[in-house]
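In case it helps, this note's numbering puts the sequence shown at residues 888 to 1541. Virtual Cβ for every residue (Gly too), placed ideally from N, Cα, C.
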Amino acid sequence: MRAEQTEIATVAVLGAGTMGHGIAEVTAIAGYDVVLRDIEEDLVEDGYDSIEWSLEKLAEKGRLDDDPDDVAARIGTTTDLEAAVSDADLVIEAGPEQLSVKQDIFESVDAAAPEDALLATNSSSLSITEIAAATERPESVLGLHFFNPPVKMDLVEVIYGEATTDETAEAGYEFVESIGKTPIYVRKDVRGFVVNSVLGPFMSEPAWMVSTGEATIRQADAAMVHERGYPMGPFELGDLTGIDIGYHVRKEAETPIPPIMEEKVANEKLGRKTGEGYYDYDDGDGPDYVPEDADDFDHLRVEAVMANEAAKLVGDGVATPEAIDTGMQLGAGFPEGTCRRADDIGLGTVLEKLRTLHDEHGDDRYEPADYLVELVEAGHTGKEAGRGFHEYSTGDGPSDYHTINWALDDDGLLEVELDRPSRMNAISETLADEVVDLLSSVDDDEVRAVVFEGAGDRAFSAGADISGFADRDPAQTSEPTEVFTTVAEYPRPTLARIDGYCLGAGLELALACDLRLATTDSEFGFPEITLGLLPGGGGTQRAIRMLTDARAKELVFRGEHISAERAADWGLINRAVDADEFDSVVGAFVEDLVSGPPIALRKAKRVMNEGADESLDAGLEMESQAFALLLTTDDVEEGTAAFAADREPEFEGQ
Ligand SMILES: C/C=C/C(=O)SCCNC(=O)CCNC(=O)[C@H](O)C(C)(C)COP(=O)(O)OP(=O)(O)OC[C@H]1O[C@@H](n2cnc3c(N)ncnc32)[C@H](O)[C@@H]1OP(=O)(O)O
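Given below as structure tokens:
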């Protein structure tokens, strides 16, 4: 057992290379005192200079709360390992990726670090257990695997070695949260941890297909990017990371290596770094695939093998489906998690594909994971069945969502947060479905107003999720998406709380709300035209009804962003407010909405929305009918009595 964990105040980062100085930077930004150590003065200085440069960049972009000099001042440097760790509450080793080097470092750290310090390695591929074995306290050693570059990448894998205690892992997890990153537990010390385990088949399965002449490089990359929405094609990614890296990982793991990979390594065509790999960077245009190259690439084969890998991780107790999905989205930039995607495809389909591949090729990697077979046999075949890796809404009430957060307070305020900050809260199909499901299943009687906002501090929403646009079925997208209509017709007042980018479908969602408040830093626009599209979620129609013809067309035709001040000036939003006053202005609006007379607000919303599309006479008729009805409510009695008594009314919605 580790001794009682002390509060972490001082962090020693060993290694000032790309990962080390990045980890030191994010740790200092979060307010910790950091000691950055490398073996030579030059290396430490280079690392420190890179941190200073990066802090300046963050400050220029307004993404640093503190003065960059103050942050840099929290980082001390040394070449003396003992001095670096002797006062550290947490040591993060980010040295070369060689077991013997790391073991040497850990042996020295063990001798010099305080007894109750937490000892972490940032290794991306070595065994935590073997590194920990170099110390007398393997229970205090864990993996904290940051992704490159740490300043930009949100994910950290928190990995157990064989001896790591829960207390150690939890302390590491909490530290990661405290620096504003997203931790996932990797509960067993498996090769590749979570992200690289699932990323393995993403890269190797297409390589097998190309090796056997079943696909071409461009075909695979075009299909995975343009049809399946991955941020990069598998071969493009291989060139970027270095083909030799993947080759050596497979060699170490003693897993079969696709011939095309062997061939590239043998010819020293290792990717971008040698000027040629799967693509030619010196004499060619690099990854020059186009959407049409995708042809009929068998992407199910690749996604089935990835889903199988995920099932092995879940079945072996290495990670939960939630952790895997978070890992793949934040660590590999996948548009959605591998488990969720498999649930969408249908686990029965995935299993059948694996069995067919196994029959055809006989390779071990197609052997279905026990856990996958169990799920399918239990009827948990995915989203359509209501349960697969994940559970899905049964329509009995709001369920657990993955791309939105929500809360309904005692005053009847329903807060809905679009929660995909790493994608600027882009509206994926899942996110849209979840908003619809929430608004359709939450008890309206409990809700008095709804506020929509975006997670993080950069965007309300940067629009529809662009990944995989090319694979959309036009038949499904020709109607304005249900989410905008559901929001527009929701029978309670709705307000968009906008802080940051509000673009494309994000703006359409905001326009579907009744009211819009924004910080002055926010930006608005319909960039769809720059993608060869038009706003397809009601944007053209709401804008032309809300703005002058000229302004609406300027927004749609030019695709330019406009400032919050201009948006307020044009009448696109209600107010543009300085950031420091924003909460109080939003609070005042919300207070009026949740304490207002529910029936009158509902009727007013309906009459105004529906009347706007009718003739004046028809609109006036709707209004007078609503007025007459409201006269019969208890709320009117309460409103008039409160006025007479000079007190605040308490409307019950009766
Ligand atoms: C019917 C409706 C149709 C539509 O709505 S079409 C979509 C319309 N929207 C857009 O075209 C906006 C696209 N996004 C942008 O132009 C830029 O982003 C911003 C100006 C909003 C911000 O730029 P910057 O500060 O440089 O950030 P970053 O590196 O571009 O974005 C951070 C991460 O967010 C992802 N992302 C941003 N917008 C979307 C989107 N709409 N769909 C999917 N992903 C998006 C990026 O790719 C990147 O991700 P990574 O860090 O993995 O590279």
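Original post:
Is isoleucine 1353 near ligand 1, with its Cβ less than 6 Å from a heavy atom?
Top reply: In this structure, the C-beta of isoleucine 1353 approaches ligand 1 to less than 6 Å from one of its heavy atoms.
Original post:
Got a sec, what are the start and stop residues for the beta strand (DSSP E) glutamate 1340 sits in?
Top reply: 1336-1341 is the span of the beta strand (DSSP E), which, as asked, contains glutamate 1340.
Original post:
Just to confirm, are alanine 1058 and alanine 1110 a CB contact at a threshold of 7 Å?
Top reply: Not a contact, by the Cβ cut-off of 7 Å.
Original post:
Can you check whether the CB of alanine 917 is closer than 7 Å to the CB of valine 1073?
Top reply: If you check the CB distance, valine 1073 and alanine 917 do not come in under 7 Å.
**OP:** Compute the minimum distance between the beta carbon of alanine 1349 and the heavy atoms of ligand 1, and state whether it is under 6 Å.
**Re:** Yes, Cβ of alanine 1349 sits closer than 6 Å to a heavy atom of ligand 1.
Original post:
According to the neighbour-count rule (16 or more other Cβ atoms, all chains shown, within 10 Å of its Cβ), is glycine 1426 buried or exposed?
Top reply: Answer is buried; the Cβ neighbour count reaches 16.
Original post:
cysteine 1226 by DSSP, collapsed to three states: which one?
Top reply: The answer is helix: DSSP assigns cysteine 1226 an H, G or I state.
Original post:
Is any heavy atom of ligand 1 found at a distance shorter than 6 Å from the C-beta of glycine 1446?
Top reply: Incorrect: glycine 1446 has no Cβ contact closer than 6 Å to ligand 1.
Original post:
DSSP three-state call for alanine 1439: helix, strand or coil?
Top reply: Alanine 1439: helix per DSSP, three-state reduction.
Original post:
Does DSSP classify histidine 1032 as helix, strand or coil?
Top reply: Correct three-state label for histidine 1032: strand.
Subject >> glutamate 1092 - DSSP class collapsed to helix/strand/coil >> reply: Taken through DSSP and simplified to helix, strand or coil, glutamate 1092 comes out as helix.
Original post:
Are valine 1334 and glycine 1299 close, meaning C-beta to C-beta below 7 Å?
Top reply: Judged by their CB atoms, valine 1334 and glycine 1299 are nearer to each other than the 7 Å cut-off.
Subject >> Straight-line Cα distance separating aspartate 1053 from glutamate 891 >> reply: Confidence at glutamate 891 is low in this model, with a pLDDT of 45, below 50, so the placement of that residue should be treated as unreliable; the coordinate-derived value is given next. If I take the Cα positions, the gap works out to 13 Å.
Original post:
So glutamate 955 is in the alpha helix (DSSP H); what residue range does that whole segment cover?
Top reply: What sits at residue 955 in the sequence shown is proline, not glutamate. Counting along the chain, the unbroken alpha helix (DSSP H) around proline 955 starts and ends at 955-960.
**OP:** Specify, as a first and last residue, the run of the beta strand (DSSP E) that isoleucine 1046 falls within.
**Re:** Element bounds for isoleucine 1046: 1042-1047.
Original post:
Going along the chain, which residues of its own chain have a beta-carbon closer than 6 Å to the beta-carbon of alanine 1346, five neighbours each way excluded?
Top reply: Within the same chain, alanine 1346 has close Cβ partners Met1311, Asn1312, Gly1387, Tyr1388.
Original post:
If you compare alpha carbons, which of Ala1094, Ala1463, Asp1465, Glu1395 is closest to isoleucine 1431?
Top reply: Answer by Cα proximity: Glu1395.
**OP:** Would you tell me roughly how many angstroms separate the C-alpha atoms of glycine 963 and glutamate 1002, rounded to the nearest one?
**Re:** A direct Cα-Cα distance of roughly 22 Å separates glycine 963 from glutamate 1002.
**OP:** Might you give, ordered along the chain, the residues of its own chain that have their beta carbon closer than 6 Å to the beta carbon of alanine 1392, omitting 5 neighbours on each side?
**Re:** Apart from sequence neighbours up to five positions away, the residues of its chain that approach alanine 1392 with a beta-carbon distance below 6 Å are Ile1314, Gly1350, Ala1351, Gly1424, ordered along the chain.
Original post:
With burial defined as no fewer than 16 other Cβ atoms inside 10 Å of the residue's Cβ, what is the status of valine 1177: buried or exposed?
Top reply: With fewer than 16 other Cβ atoms within 10 Å, it is exposed.
Subject >> Contact test: leucine 1398 Cβ vs ligand 1 heavy atom, cutoff 6 Å >> reply: No, Cβ of leucine 1398 sits at least 6 Å from all heavy atoms of ligand 1.
Subject >> Three-state class that DSSP yields for isoleucine 1449 in the structure shown >> reply: Strand at isoleucine 1449.
Original post:
Can you give the Cα-Cα distance for glutamate 943 and aspartate 1324, rounded to whole angstroms?
Top reply: Using only the alpha carbons, I get a separation of about 43 Å.
Subject >> Residue interval of the alpha helix (DSSP H) (run including aspartate 920) >> reply: In the DSSP annotation of this structure, aspartate 920 is not part of any alpha helix (DSSP H); the continuous beta strand (DSSP E) holding it starts and ends at 920-924.
**OP:** Would you mind giving the Cβ-Cβ distance between glutamate 1026 and alanine 1050, rounded to the nearest angstrom? I have them listed as a contact below 8 Å.
**Re:** The beta-carbon separation of glutamate 1026 and alanine 1050, rounded to 5 Å, stays under the 8 Å limit for a contact.
**OP:** Check whether the Cβ atoms of glutamate 1525 and phenylalanine 1538 lie closer than 7 Å to each other.
**Re:** At a Cβ-Cβ threshold of 7 Å, glutamate 1525 and phenylalanine 1538 count as neighbours.
Original post:
Looking at the unbroken beta strand (DSSP E) that takes in glycine 1474, where does it start and where does it end?
Top reply: The continuous stretches of beta strand (DSSP E) do not include glycine 1474, which lies in the alpha helix (DSSP H) extending over residues 1466-1482.
Original post:
Helix or strand or just coil, what does DSSP make of phenylalanine 1411?
Top reply: Strand, per DSSP.
Original post:
Given glutamate 932, which residues of its chain have a CB within under 8 Å of its CB, disregarding the five upstream and five downstream residues?
Top reply: The answer, listed in chain order, is Thr964.
Subject >> Alpha carbon of valine 978 to alpha carbon of valine 1028, nearest angstrom >> reply: Going from the Cα of valine 978 to the Cα of valine 1028 covers about 10 Å.
Original post:
Around the C-beta of tryptophan 1095, are 16 or more other C-beta atoms found within 10 angstroms, so that it is buried, or is it exposed?
Top reply: That one is buried.
Original post:
Can you round the beta-carbon distance between tyrosine 1554 and alanine 1198 to whole angstroms, since I take them to be within the 8 Å contact cut?
Top reply: No answer is possible for residue 1554: the residues shown for the chain start at 888 and end at 1541.
**OP:** For proline 1070, write down the residues that DSSP places opposite it in a beta bridge.
**Re:** Partner(s): Val1043.
**OP:** Leaving out five residues on either side along the sequence, give the residues of the same chain with a beta carbon under 6 Å from the beta carbon of tyrosine 919.
**Re:** Excluding positions up to five away in sequence, the list reads Val898.
**OP:** Compute the minimum distance between the beta carbon of glutamate 1061 and the heavy atoms of ligand 1, and state whether it is under 6 Å.
**Re:** Outside the cutoff, so no.
**OP:** Just the C-alpha distance for phenylalanine 1184 and leucine 1238, rounded to the nearest angstrom, thanks.
**Re:** Cα-Cα distance, rounded: 19 Å.
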